[in-house]
Amino acid sequence: MLRRRLAPLVLVSLAPLAAAGEPAQAEEGLDTGEDPSGDWALLDSELEALDAVRQSEQAGPVVWGFLRTNVTHSDELDIDGAFLDAVRLYLDGAVGGTDYRVSFDGQSGSATILDAYAHWSFGEELHATFGRFRQPFLRSSLTEFNRLLMILRTRSGTLHSVRDNGAMIGGHHGRVHWDLALQNGLDSVADDYLTTGRVTVDVLGEPSRPWEGAFGGPDETRLSVGLAYADDGALGDGGA
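Numbering-wise, our numbering puts 1140 at position 144 of the sequence shown, and it's gapless, one number per residue.
Here is the structure:
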């Protein structure tokens, strides 16, 4: 019974192929030794055009965000109620070879610009950033607010989780990752700058994930060590 149902389907699908002129010519060309490379070249060009369209569609801005709240109660302090820690909106996208991000926070009741930068990659080991971005100092300060292990950042992470206008270059080679940034600093557009350098080395396992804690990570052991330096010329002598 199954073979009787399939037979008409095969005949119907093959009939248009036998009646079409172009496939028949292609078969004749193969029999007479003609070179069908022109057809393959046309197919390759069509596939490249489709891939370009697909990439251009994916390069459009991606809008996403998150909301973080907490409920606090204290018997010793006059604190009791629900609070908004963050109301974030992100726009990520790409134009040509340039990636960009613009982000806002509405926790205070009005929208405030957090990030506004462009990012370029030069090969696989070098990249550059220009605009308003985080100071590349501590891992805790660079982790997105919705990917923290605890409710709030560490005290040091909060101190250095600041955005400023400037330029940054960075990259990686093997297990070594580095960043060097020059930003306006405390005196804004005056003659002093905030200079930050950071180097990390993946001693064991794969590179660290962009979140705190072990949730979602593999079972293997990971160990990364780092060294960072920051100096704001507006503060006089000294560094961190």
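In this text, a Cβ means the ideal position worked out from N, Cα and C, and glycines have one as well.
Between G1093 and S1157, the alpha-carbon positions lie close to 28 Å from each other. Taking each of A1082, G1127, T1068 in turn and checking the Cα distance to D1076, the smallest one comes out for T1068. Put simply, of L1138, F1133, I1147 the residue whose alpha carbon is nearest the alpha carbon of D1081 is I1147. DSSP links T1217 through a beta bridge to no other residue. Residues D1175, A1177, T1192, R1194 of the same chain have their beta carbon placed closer than 6 Å to that of P1132, with the five preceding and five following residues left out of the count. Under the three-state reduction of DSSP output, G1162 falls in the strand class. Counting only residues of its own chain and dropping the five nearest sequence neighbours on each side, A1112 has a CB closer than 6 Å to the CB of V1098, G1127, R1128.
Straight through space, the alpha carbons of R1205 and P1214 are spaced by roughly 10 Å. In the structure shown, T1154 falls within a helical segment according to DSSP collapsed to helix, strand and coil. Around L1138, the same chain offers R1130, P1132 as residues with beta carbons nearer than 7 Å, after the five sequence neighbours per side are excluded.
Around the C-beta of T1065, fewer than 16 other C-beta atoms lie within 10 Å, and the residue is accordingly described as exposed.
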